[in-house]
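Colleague:
What follows is the structure in C-alpha cells.
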C-alpha cells in the first residue's frame, strides 16, 4: 500500500478537527488571560477524549487465524472494567463474526498498535466507539475483496456472516482467505451498520476474560516470567520529602544469592537468584536519608487550606465574587475536608525486564504503554522501536499504574546483569511509595433570594497535584491550563440556572507524590458541592430534589441531569424524613458527560454508619453491555463508600502510614450495601464514560442521609457519626 494511500485512509475529518482544536488552544494560550483560561477549563470539562493511536491499518488490530478465529490486539488494557468484552462486542458486530470467535489480547508495542494516551479516565469504550467500528468494517471489506479475487467473483455479489464469505454458490472462511493473502489493500472506510442491526452491542454478553480469571490463569504482571530469570529489589524511602545522601552496600554484597548490587543516580537495587535473597540483601544496605522537614498530618492539613496555594479561576457566570463579598448577613459558608488516600490495589507494582544488546522487553501491568516505552528507551539510550512493552492484565489499576518508573529500574538491573530481572514492590513499599489521592479542602459560599433560590454560589477547591507533574500532561499544557484539571474534576457548579456562580482551583505542592486516583477529584468535590446543596435546600425550606431541579436549565446536559435526578427519586421512593431508624440521602453529579444520581439508605448503630441500599440512576448514553455497566456502577459505589467511611493515610514523624491492609481500613464484604439498584437511561447515541461517574455522588448521598439521622452535617472524610 502506498504512503499516499495510507495518509488518505488514516487522516479523517474528525482527527483534523481534534488536532486543529489543540493547535488553536496552544496558539491562543501564548497570550492567555482569565476568560481564555476559564473557557479552556469549561471545554475540557465537557470534551470527549479522542483515541490517539493509529487507525490506518486494520490488520494490526485484527489477526485472522487459520482456524477462523480472530486475535484482536487491543491497545486498551483490561484492569477489571470489562473493556475487552465491550470492545469485542463492537468489533464482532462490524466484522460479522461470532463473539466466541474473537480472542482479545493486549497489544504489545511490537504490533504497532499503540495507544499514545493511556487506559483511564473512563474513555476506553467512548474513544474507540467510532474508530473500532470503522476498523472492523474496513477489515470485513478487505476480507470480502480478497475472497472475491480468490473465488473469481465480484465483491458486490458477496457477503460475510459468522466469519464466512458467501455468494454465487461458493463460500470461504476468513481463515482460508488470509492464507492466500501476502499484501493487504486498505479501501476507504465503508458505511457502518445502524446500531439497531447489531447482534451484540446493547446486549448482556459474558466476559471474554472470565474463564482465565475463574481458573486462575497466569495473566497478571506478577505472574510473568522469562527463562533464566533473576530477581531484583529496590531500596525505597520510608519517609517523605527525603533524598538519599549516602549508601553503604558492603554488607549486602556478601549476602547469599546476590548477583550484583546496582547503583544508579536515583536508586540502588539488588539482583539475586531469588526474591527472598534479594529482599534479605536489600535490608543490609545502609542508606542515609536526609529529610527536608519532619512532616505530620497537622502540617499537611494546614498546607492544604484554601488560600495557601496558587489560585486559578476555572468557572464564572455573573458576578458571584462581588455578591458573596457584600457583608456577613445572609451569607452561607461551609467547608469540607478529605484525607490522603491510598490506591491499595491488590497487585503491587513491578515488571519483568530483559535488556539485550539492541532490544529491551518489558512485561508488566501498566496503564501507559506508550509513555513507559518512551521512558525506558530514553533511559537506556535506545530508540522507541527497540523497546517492546508487553502489557498484562492488571490486578487493580485505579490510576496507580499511570506512574511507571519501576519499568526503568527493572530494565537497568537487567542490563547490569545481562539476564531477565523480575522486580516488584513489597506491600509496605507500595503503601509508602504510592502516588496518593491528595487531601483536599473545599470552601463553598452562597446567598439565597427571599423566595428560596440561589442568587450566587462559589466553590474554592484546594488540592495537591493530580494531573500536574504527570507525563500524561506536558508542561506546556500545564502552563496553558493554569489549574490542575484532575484536582478540580467535579468541582464546577453544575446548576446552570443559578445566575451567579464561580469556581476557583487552588494548587498546593505537597511533600509526597500525589496523582491519579479513580475519579480524580470527583469524589471529594461532589461530596462538598452536593452536601452544600442539601444544606441550601434546607435553609430555603425546600425539598432537596425539587430544589436541584429548580436550578437547572433546558440545555441538553441539564435536561439529562434532570432526568436522572427525577428517576432516582422515583425509583428509591425518596423521603426526606427518617423512618424505622433509616434515612435517605440524595446527591448527583455529571462526569465525562455522564450524569448520575444516587439515593443512599442509611442507619446508625452504636456510632457506626451502615449503608443498606443505594439506588443509582445513570445516563451513559448508548450502552454497549448493560451487565458490564451495572457492574462498574456497583464497583464504583462500593469503592467510593470505602473511601468516605474508612480510608485514610496519616503522616507521623515524617512517614506515611498505615503500611499494611487491616491497619489501612477498607470496606469489607459485610460493609457493602445489601442492595444496589442500578437503572440505566440512554439519552445519547454514543457510549459515554462509565467507570468513574458513579463514584461522584456516593459520599454526599451518605453524608446527607447521616444528617437526617443525627442533625449534624458531615464535613470531613472518612465520616463519623459519633
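Residue numbers (this note's numbering): 48 to 769. Glycine included, every Cβ here is placed at the ideal spot set by N, Cα and C. Predicted, not measured: the structure shown is a model, and the values here were computed from it.
#1: From residue 412 to residue 623, what does the alpha carbon distance come to, in whole angstroms?
#2: Which runs of the beta strand (DSSP E) at least 3 residues long sit entirely within the stretch 116 to 160? Give them in chain order.
#3: Can you tell me which of 545, 555, 528 puts its alpha carbon nearest to the alpha carbon of residue 87?
#4: Please list, in chain order, all residues of the same chain as residue 587 whose beta carbon is under 7 Å from its beta carbon, the five residues on each side excluded.
#5: Residues in its own chain within less than 8 Å of residue 253 by CB, not counting five upstream and five downstream?
#6: If you count every other CB in all the chains shown that lies within 10 Å of the CB of residue 372, and 16 or more means buried, which is it?
#7: Please confirm whether residue 561 and residue 618 have their CB atoms less than 7 Å apart.
#8: Within a Cβ cutoff of 6 Å, which residues of the same chain sit near residue 365, ignoring the five residues on either side of it in sequence?
#9: On a CA-only basis, which of 621, 143, 389 is nearest residue 445? Give me that one, please.
#10: For residue 246, which of 336, 671, 691 has the nearest alpha-carbon?
#11: In angstroms, rounded to a whole number, what distance separates the CA positions of residue 598 and residue 292?
#12: I need the DSSP call for residue 78, collapsed to helix, strand or coil.
#13: Secondary structure at residue 203, three-state DSSP: helix, strand or coil?
#14: Below 7 Å CB to CB, which residues in the same chain sit around residue 327 once its five sequence neighbours on both sides are set aside?
#15: Please report the residue range of the alpha helix (DSSP H) in which residue 260 lies.
#16: With a CB to CB cut of under 7 Å and the five nearest residues on each side skipped, what residues in its chain are close to residue 92?
#17: Note the first and the last residue of the continuous alpha helix (DSSP H) segment covering residue 280.
#18: Check the DSSP bridge columns for residue 220 and list the partner residues they point to.
#19: In terms of alpha-carbon separation, which member of 332, 205, 381, 422 lies closest to residue 280?
#20: Run through the DSSP bridge pairs and tell me what residue 310 is partnered with.
#21: Would you mind reading off the limits of the alpha helix (DSSP H) that contains residue 326?
#22: Please work out which residues of its chain come closer than 6 Å, Cβ to Cβ, to residue 143, disregarding the five sequence neighbours upstream and downstream, and give them in chain order.
#23: So for residue 403, helix, strand or coil by DSSP?
#24: Quick one: Cα of residue 766 to Cα of residue 476, how far?
#25: Would you call residue 440 buried or exposed, if buried means 16 or more other Cβ atoms sit within 10 Å of its Cβ?
#26: Just how far apart, CA to CA, sit residue 537 and residue 621?
#27: Residues in its own chain within less than 6 Å of residue 72 by CB, not counting five upstream and five downstream?
#28: According to DSSP, is residue 437 part of a helix, a strand, or is it coil?
#29: Which same chain residues end up closer than 6 Å to residue 567 when comparing Cβ atoms and leaving out the 5 residues on each side of it in sequence?
#30: Which of the three DSSP states is assigned to residue 452 in this structure?
#31: Give every residue of the same chain whose Cβ lies closer than 8 Å to the Cβ of residue 75, excluding the five residues on either side of it in the sequence, and list them in chain order.
#32: With a CB to CB cut of under 6 Å and the five nearest residues on each side skipped, what residues in its chain are close to residue 752?
#33: List in chain order: all unbroken alpha helix (DSSP H) runs of 4+ residues lying wholly within the stretch 351 to 377.
#34: Of the choices 442, 161, 182, whose alpha-carbon is the least far from that of residue 270?
#35: If we ignore side chains and look at the alpha-carbon of each, how far apart do residue 355 and residue 555 end up?
#36: Would DSSP call residue 187 helix, strand or coil?
Modeller: Taking the structure as given:
#1: Straight-line Cα distance between these residues: approximately 46 Å.
#2: Whole beta strand (DSSP E) segments, 3+ residues: 117 to 121, 149 to 153.
#3: Of the candidates 545, 555, 528, the one whose C-alpha sits nearest the C-alpha of residue 87 is 528.
#4: Within the same chain, residue 587 has close Cβ partners 495, 499, 594.
#5: If we look at residue 253 and ignore the five residues flanking it on each side, its Cβ neighbours are 132.
#6: Flag for residue 372 reads exposed.
#7: Result no, Cβ atoms of residue 561 and residue 618 do not sit closer than 7 Å.
#8: Cβ within range, chain order: 546, 547.
#9: Distances from the CA of residue 445 to each of 621, 143, 389 were compared; the closest alpha carbon is that of 389.
#10: Taking only the C-alpha atoms, the option nearest residue 246 is 671.
#11: CA-CA distance, residue 598 to residue 292, rounds to 57 Å.
#12: Residue confidence for residue 78 is low, a pLDDT of 42 falling below 50, so the modelled location carries little weight; the figure read from the coordinates is stated next. In the three-state reduction of the DSSP assignment, residue 78 falls in the coil class.
#13: It is helical.
#14: Hits under 7 Å: 302.
#15: Start and end: 257 to 261.
#16: Non-local C-beta neighbours of residue 92 in its own chain, meaning closer than 7 Å and more than five positions away in sequence, comprise 539, ordered along the chain.
#17: For residue 280, no alpha helix (DSSP H) segment is defined; the enclosing uninterrupted segment is the beta strand (DSSP E) at 277 to 281.
#18: Bridge pairing for residue 220: 211 [DSSP].
#19: When only C-alpha atoms are compared, the closest one is 332.
#20: DSSP links residue 310 through a beta bridge to 315.
#21: Element bounds for residue 326: 322 to 329.
#22: Closer than 6 Å at the Cβ level, and outside the excluded window around residue 143, lie 187, 207, 208.
#23: Residue 403: coil per DSSP, three-state reduction.
#24: If I take the Cα positions, the gap works out to 27 Å.
#25: Buried, because 16 or more other Cβ atoms sit within 10 Å of the Cβ of residue 440.
#26: Spanning the two alpha carbons is a distance of roughly 24 Å.
#27: Since pLDDT at residue 72 reaches only 44, below the 50 mark, its modelled position is unreliable, and the value read off the structure follows with that caveat. Result list for residue 72: empty, nothing under 6 Å.
#28: Strand, per DSSP.
#29: Excluding its 5 nearest sequence neighbours in each direction, residue 567 has C-beta neighbours in its own chain below 6 Å: 513, 533, 536, listed in chain order.
#30: Helix.
#31: Low confidence applies to residue 75: its pLDDT is 42, below 50, so where it sits in the model is not reliable, and the reading given next is rough at best. Counting only Cβ-Cβ distances below 8 Å, and skipping sequence neighbours, we find 83.
#32: Closer than 6 Å at Cβ, skipping near neighbours: 630, 631, 632, 647, 649.
#33: You should have 367 to 370.
#34: When each option's Cα is compared against that of residue 270, the closest is 442.
#35: Note on geometry: alpha-carbon atoms of residue 355 and residue 555 lie some 7 Å from one another.
#36: In the three-state scheme derived from DSSP, where H, G and I count as helix and E and B as strand, residue 187 is classed as helix.
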